[in-house]
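A.B. asks:
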Ligand SMILES: C[S@@+](CC[C@H](N)C(=O)[O-])C[C@H]1O[C@@H](n2cnc3c(N)ncnc32)[C@H](O)[C@@H]1O
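Written as structure tokens, this is what we have:
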């Protein structure tokens, strides 16, 4: 854990806008972010996984590593995620390229969890992420569920 904090802080020193925080999220935020997500919804797409704080919480909630796809742009975090979650799919890529990379068909995921620093990103990048096929598909399914309820 201390190692994760050091890795995180050094990454922030190198690229503060990308990393967006000086330490990994705490347990309370991880709990809040993952509160509505349940294994019965299906696989999870996690954006900006960092050192895996939200990932850890998802596993505590009963998700299998095989059900997790972790998207991370920072080369310093990718080996940490691969080591800690060898069963998860860890993709070293920009979340703004969800449509152009082989992350699965739209509809492959039941939930998206994001740790992305959207406020420090250029608006064009935020738009590219929010308008990706994966996001559109999820929004559609949430809207259908609400209509049925
Ligand atoms: C605020 S940190 C959150 C990390 C972790 N989820 C947590 O809560 O500790 C933001 C993370 O998003 C990653 N990130 C930033 N821009 C990204 C992008 N365009 N695509 C994928 N990951 C990105 C950063 O490298 C960093 O790991």
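Residue numbers (my numbering): 529 to 677.
Every residue, glycine too, gets a C-beta built ideally from N, C-alpha and C.
Since we're looking at a predicted model, the values are computed, not measured.
CB of residue 581 to nearest heavy atom of ligand 1: below 6 Å?
C.D. replies: Yes, the Cβ of residue 581 comes within 6 Å of a heavy atom of ligand 1.
A.B. asks: Can you look up residue 583 in the DSSP assignment and give me helix, strand or coil?
C.D. replies: In the structure shown, residue 583 sits in a helix (DSSP, three-state: H, G or I).
A.B. asks: Is the closest heavy atom of ligand 1 to the C-beta of residue 605 under 6 Å?
C.D. replies: Flag set: Cβ of residue 605 near ligand 1.
A.B. asks: Any idea what DSSP makes of residue 565, helix, strand or coil?
C.D. replies: Looking at residue 565 - three-state DSSP - the assignment turns out to be coil, as it is neither helix nor strand.
A.B. asks: For residue 644, report the span of its alpha helix (DSSP H) as first-last.
C.D. replies: No alpha helix (DSSP H) contains residue 644, which DSSP labels as neither H nor E.
A.B. asks: Please confirm whether any heavy atom of ligand 1 lies closer than 6 Å to the CB of residue 549.
C.D. replies: Checking every heavy atom of ligand 1 against the Cβ of residue 549, one is found closer than 6 Å.
A.B. asks: Taking 8 Å as the limit between beta carbons, can you name the residues of its chain near residue 589, skipping five residues before and five after?
C.D. replies: Same-chain partners within the cutoff: 562, 565, 566 and 567.
A.B. asks: What is the DSSP secondary structure of residue 657, reduced to helix, strand or coil?
C.D. replies: In this structure, residue 657 counts as helix in the three-state DSSP scheme.
A.B. asks: In whole angstroms, give me the CA-to-CA distance for residue 604 and residue 637.
C.D. replies: Going by the C-alpha atoms only, they are around 26 Å apart.
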